[in-house]
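Residue numbers (the numbering used here): 176 to 386. The beta carbon of each residue, even a glycine, is placed where N, CA and C say it ideally should be.
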Amino acid sequence: MIETRICHRLDRKLEVTVLQGHFATRHSHNTHYIDITRMKHEHTMARQAAMTLAQRYAYEKGVDTVVCLDGSEVIGAFLARHLAQKDRFSVNQDKNIDVITPEYDSNGQLIFRDNLLPMVTGREVLILISTVNSGLTVARCLECVEYYGGKVQGIAAVFSVPEQVGGIPVYSLFTPEDVPGYGTYDAKECPLCKAGQKLDGLANSYGISKF
(Lines of atoms letter the chains of each structure in order from A; the text may use other names.)
(Lines give C-alpha, C1' and ligand atoms only; values in the text may rest on other atoms or scores of the structure.)
Protein backbone atom coordinates (compact mmCIF):
# COMPACT_ATOMS: atom_id res chain seq x y z
CA MET A 176 0.00 0.00 0.00
CA ILE A 177 1.13 3.53 -0.81
CA GLU A 178 0.62 6.12 1.92
CA THR A 179 0.50 9.88 1.28
CA ARG A 180 -0.69 12.98 3.09
CA ILE A 181 -2.97 15.51 1.44
CA CYS A 182 -3.55 19.04 2.68
CA HIS A 183 -6.69 21.09 2.19
CA ARG A 184 -6.41 23.32 -0.86
CA LEU A 185 -7.06 26.52 1.13
CA ASP A 186 -6.00 25.59 4.66
CA ARG A 187 -2.69 23.75 5.00
CA LYS A 188 -3.44 22.98 8.66
CA LEU A 189 -6.08 20.50 7.55
CA GLU A 190 -4.66 17.23 6.28
CA VAL A 191 -5.70 13.61 5.83
CA THR A 192 -3.68 10.44 5.34
CA VAL A 193 -4.51 8.49 2.19
CA LEU A 194 -3.74 4.81 1.62
CA GLN A 195 -3.86 3.51 -1.93
CA GLY A 196 -4.94 -0.09 -2.44
CA HIS A 197 -8.16 -2.10 -2.38
CA PHE A 198 -10.53 -1.51 0.52
CA ALA A 199 -14.03 -2.72 1.33
CA THR A 200 -16.71 -0.86 3.25
CA ARG A 201 -20.27 -1.98 3.96
CA HIS A 202 -21.55 -0.32 0.80
CA SER A 203 -18.62 -0.13 -1.63
CA HIS A 204 -15.11 -1.10 -2.68
CA ASN A 205 -12.63 1.77 -2.92
CA THR A 206 -9.19 2.35 -4.42
CA HIS A 207 -8.15 4.51 -1.46
CA TYR A 208 -8.77 4.69 2.27
CA ILE A 209 -9.12 8.25 3.59
CA ASP A 210 -7.85 8.24 7.16
CA ILE A 211 -9.39 11.18 9.04
CA THR A 212 -8.67 9.87 12.54
CA ARG A 213 -6.76 12.97 13.58
CA MET A 214 -9.48 15.28 12.31
CA LYS A 215 -12.16 13.41 14.27
CA HIS A 216 -10.24 13.08 17.52
CA GLU A 217 -7.57 15.77 17.82
CA HIS A 218 -8.78 18.97 19.43
CA THR A 219 -6.89 21.40 17.19
CA MET A 220 -7.60 19.57 13.92
CA ALA A 221 -11.30 19.10 14.72
CA ARG A 222 -11.64 22.76 15.63
CA GLN A 223 -9.98 23.85 12.39
CA ALA A 224 -12.17 21.54 10.32
CA ALA A 225 -15.30 22.84 12.03
CA MET A 226 -14.26 26.44 11.47
CA THR A 227 -13.86 25.82 7.74
CA LEU A 228 -17.16 23.95 7.43
CA ALA A 229 -19.02 26.60 9.42
CA GLN A 230 -18.12 29.29 6.90
CA ARG A 231 -20.46 27.62 4.39
CA TYR A 232 -23.50 27.72 6.66
CA ALA A 233 -23.05 30.50 9.20
CA TYR A 234 -24.37 33.27 6.95
CA GLU A 235 -26.87 31.37 4.82
CA LYS A 236 -28.59 28.55 6.67
CA GLY A 237 -30.39 28.48 9.98
CA VAL A 238 -29.23 25.55 12.10
CA ASP A 239 -30.84 24.37 15.33
CA THR A 240 -29.31 20.90 15.50
CA VAL A 241 -26.18 19.19 14.19
CA VAL A 242 -26.75 15.46 13.61
CA CYS A 243 -23.41 13.65 13.74
CA LEU A 244 -22.66 10.41 11.89
CA ASP A 245 -19.61 8.14 11.81
CA GLY A 246 -17.93 9.41 14.97
CA SER A 247 -17.91 13.09 14.00
CA GLU A 248 -19.16 14.37 17.38
CA VAL A 249 -15.98 16.30 18.26
CA ILE A 250 -16.11 18.19 14.98
CA GLY A 251 -19.85 18.62 15.51
CA ALA A 252 -19.40 20.31 18.88
CA PHE A 253 -16.93 22.80 17.44
CA LEU A 254 -19.15 23.29 14.40
CA ALA A 255 -22.09 24.24 16.63
CA ARG A 256 -19.87 26.68 18.49
CA HIS A 257 -18.67 28.39 15.32
CA LEU A 258 -22.17 28.55 13.85
CA ALA A 259 -23.45 30.28 17.00
CA GLN A 260 -20.56 32.74 17.32
CA LYS A 261 -21.34 36.38 17.91
CA ASP A 262 -21.28 37.86 14.45
CA ARG A 263 -23.93 40.31 13.34
CA PHE A 264 -23.98 38.72 9.89
CA SER A 265 -24.47 35.17 11.21
CA VAL A 266 -28.03 33.83 11.08
CA ASN A 267 -27.28 31.53 14.03
CA GLN A 268 -25.56 33.89 16.45
CA ASP A 269 -26.18 33.20 20.15
CA LYS A 270 -28.23 30.08 19.38
CA ASN A 271 -28.01 27.11 21.72
CA ILE A 272 -27.37 24.57 18.97
CA ASP A 273 -27.89 20.91 19.85
CA VAL A 274 -25.38 18.21 18.84
CA ILE A 275 -26.86 14.71 18.68
CA THR A 276 -26.25 11.26 17.20
CA PRO A 277 -28.89 8.78 15.96
CA GLU A 278 -28.64 5.09 16.71
CA TYR A 279 -29.29 1.93 14.72
CA ASP A 280 -32.13 -0.36 15.74
CA SER A 281 -32.06 -4.17 15.39
CA ASN A 282 -33.11 -3.85 11.73
CA GLY A 283 -30.34 -1.43 10.87
CA GLN A 284 -32.65 1.57 10.70
CA LEU A 285 -31.61 4.94 12.11
CA ILE A 286 -33.75 6.15 14.98
CA PHE A 287 -33.89 8.92 17.56
CA ARG A 288 -35.02 8.07 21.08
CA ASP A 289 -37.90 10.00 22.59
CA ASN A 290 -35.61 12.19 24.71
CA LEU A 291 -33.92 13.50 21.53
CA LEU A 292 -37.06 14.13 19.51
CA PRO A 293 -37.46 17.75 20.70
CA MET A 294 -34.05 18.39 19.12
CA VAL A 295 -35.25 17.10 15.73
CA THR A 296 -38.98 17.66 15.33
CA GLY A 297 -39.67 21.07 13.80
CA ARG A 298 -35.97 21.91 13.87
CA GLU A 299 -33.53 22.98 11.16
CA VAL A 300 -30.90 20.24 10.93
CA LEU A 301 -27.37 20.09 9.56
CA ILE A 302 -26.07 16.56 8.92
CA LEU A 303 -22.36 16.06 9.61
CA ILE A 304 -20.55 12.94 8.45
CA SER A 305 -16.89 12.02 8.12
CA THR A 306 -16.88 10.28 4.72
CA VAL A 307 -19.48 9.89 1.95
CA ASN A 308 -18.85 7.29 -0.75
CA SER A 309 -22.08 5.73 -1.96
CA GLY A 310 -24.28 8.20 -0.09
CA LEU A 311 -26.49 5.44 1.35
CA THR A 312 -25.77 6.30 4.99
CA VAL A 313 -26.57 9.97 4.41
CA ALA A 314 -29.72 9.05 2.49
CA ARG A 315 -30.88 6.98 5.46
CA CYS A 316 -30.19 9.88 7.79
CA LEU A 317 -32.15 12.23 5.55
CA GLU A 318 -35.13 9.91 5.66
CA CYS A 319 -34.78 9.56 9.43
CA VAL A 320 -34.66 13.30 10.10
CA GLU A 321 -37.61 13.96 7.80
CA TYR A 322 -39.59 11.10 9.36
CA TYR A 323 -39.24 12.72 12.77
CA GLY A 324 -40.28 16.09 11.42
CA GLY A 325 -36.93 17.81 11.00
CA LYS A 326 -35.86 19.94 8.05
CA VAL A 327 -32.41 19.20 6.62
CA GLN A 328 -30.60 22.43 5.79
CA GLY A 329 -27.39 20.91 4.52
CA ILE A 330 -24.87 18.07 4.54
CA ALA A 331 -21.29 18.68 5.69
CA ALA A 332 -18.48 16.15 5.33
CA VAL A 333 -14.74 15.81 5.61
CA PHE A 334 -14.57 13.79 2.35
CA SER A 335 -17.36 13.20 -0.15
CA VAL A 336 -17.64 11.58 -3.55
CA PRO A 337 -21.19 12.72 -4.46
CA GLU A 338 -21.87 16.44 -4.74
CA GLN A 339 -25.44 16.00 -3.55
CA VAL A 340 -27.59 13.40 -1.82
CA GLY A 341 -31.38 13.46 -2.05
CA GLY A 342 -31.24 16.79 -3.84
CA ILE A 343 -29.29 18.43 -1.01
CA PRO A 344 -25.73 19.66 -1.78
CA VAL A 345 -22.85 18.09 0.12
CA TYR A 346 -20.18 20.55 1.22
CA SER A 347 -16.93 18.72 1.96
CA LEU A 348 -13.37 19.66 2.84
CA PHE A 349 -11.92 17.08 0.46
CA THR A 350 -13.24 15.56 -2.78
CA PRO A 351 -11.97 12.90 -5.25
CA GLU A 352 -10.24 15.73 -7.11
CA ASP A 353 -7.85 15.92 -4.16
CA VAL A 354 -7.04 12.19 -4.46
CA PRO A 355 -5.78 11.39 -7.99
CA GLY A 356 -7.12 8.08 -9.26
CA TYR A 357 -9.77 7.71 -6.58
CA GLY A 358 -12.47 5.22 -7.46
CA THR A 359 -15.45 3.79 -5.60
CA TYR A 360 -17.49 0.87 -6.90
CA ASP A 361 -20.36 -1.42 -6.04
CA ALA A 362 -18.84 -4.64 -4.68
CA LYS A 363 -20.37 -6.70 -7.51
CA GLU A 364 -18.92 -4.40 -10.17
CA CYS A 365 -15.52 -3.71 -8.62
CA PRO A 366 -12.81 -3.77 -11.35
CA LEU A 367 -10.14 -4.51 -8.74
CA CYS A 368 -11.95 -7.70 -7.75
CA LYS A 369 -12.43 -8.66 -11.40
CA ALA A 370 -8.69 -8.15 -11.94
CA GLY A 371 -7.94 -10.52 -9.07
CA GLN A 372 -6.55 -7.87 -6.72
CA LYS A 373 -7.01 -8.97 -3.13
CA LEU A 374 -8.42 -6.68 -0.49
CA ASP A 375 -5.91 -4.74 1.58
CA GLY A 376 -8.33 -4.04 4.39
CA LEU A 377 -11.84 -3.55 5.72
CA ALA A 378 -12.93 -0.04 6.63
CA ASN A 379 -15.80 1.48 8.55
CA SER A 380 -16.49 4.58 10.62
CA TYR A 381 -14.22 3.32 13.39
CA GLY A 382 -11.17 2.90 11.19
CA ILE A 383 -9.43 0.23 9.15
CA SER A 384 -8.33 -3.37 9.70
CA LYS A 385 -5.51 -4.21 7.34
CA PHE A 386 -4.94 -7.71 5.98
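- Residue pairing by DSSP places F349 opposite F334 in a beta bridge.
- L189 is not a Cβ neighbour of Q230, given a cutoff of 8 Å.
- Distance from the Cα of S247 is smallest, within the candidate group Y322, P337, H218, T296, for H218.
- Collapsing the DSSP output to three states places N379 in a strand.
- When C-alpha distances from V300 are compared across E364, L254, L311, the shortest belongs to L254.
- Rounded to whole angstroms, T192 and R213 show a C-alpha spacing of 9 Å.
- Under the 8 Å Cβ criterion, the stretch 294 to 314 counts as touching the stretch 338 to 354, having at least three qualifying pairs.
- DSSP places T219 within a helical segment (H, G or I) once states are collapsed to three.
- DSSP, read as helix, strand or coil, puts C365 in coil.
- Contiguous beta strand (DSSP E) elements confined to the stretch 210 to 280 occur at 240 to 243, 273 to 275, taking only those with 3 or more residues.
- Sixteen is the threshold: since fewer than 16 other Cβ atoms of the shown chains lie within 10 Å of the Cβ of S384, the residue is exposed.
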